[in-house]
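Just below is one structure, and these are the notes that go with it.
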Amino acid sequence: MFKNADELLAFVKKENVEYIDVRFCDLPGVMQHFNVPAATIDADTLNDGMMFDGSSIRGFQAIHESDMKLVPDFDTAVIDPFRAAKTLNM
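Numbering (the working numbering), first residue to last: -11 to 78.
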């Protein structure tokens, strides 16, 4: 849907998106996600990736090596029609 972070952020602002829900699959193939307030996201964060605790995800990392980075795929972004608050999934 978007080619880069700037396009995505312009859409977020124009459409008053409240949250960005970042989704990924763990090793067994189960969808995982984290939800971030859209107002806290900037282009650098989207381009550089978002840090998260990999030890919380089955099959990823042990607690002592759990810092992981997730870089979102802008092309997969869509508005979630089922959320009460306007949310962009990607």
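Virtual Cβ for every residue (Gly too), placed ideally from N, Cα, C.
TODO: Please state whether DSSP places LYS(-9) in a helix, a strand or coil.
DONE: Here LYS(-9) carries a coil assignment [DSSP, helix/strand/coil].
Task: Cutoff 6 Å; reference PHE(-10); Cβ partners in own chain excluding five residues on either side - done: Once the five neighbours on either side are set aside, the close Cβ partners of PHE(-10) are LEU(-4), PHE62, ALA65.
Task: Where ASN4 sits in the DSSP three-state scheme - done: Correct three-state label for ASN4: coil.
Open item on the list: Here's a check: name, in chain order, each residue in its chain whose Cβ is nearer than 8 Å to the Cβ of TYR7, leaving out the five neighbours to either side.
Closed with: Hits under 8 Å: ASN23, VAL24, PRO25, ALA26, ARG71, ALA73, LYS74, THR75, LEU76.
TODO: Would you list the residues sitting across from VAL66 in a DSSP beta bridge?
DONE: ASN77.
TODO: Buried or exposed for PRO60, please, with buried defined as at least 16 other CB atoms from any protein chain shown within 10 angstroms of its CB.
DONE: Result: buried.
Open item on the list: Please report the straight-line C-alpha distance between PRO16 and ARG46, rounded to a whole angstrom.
Closed with: So the alpha carbons of these two residues sit roughly 8 Å apart.
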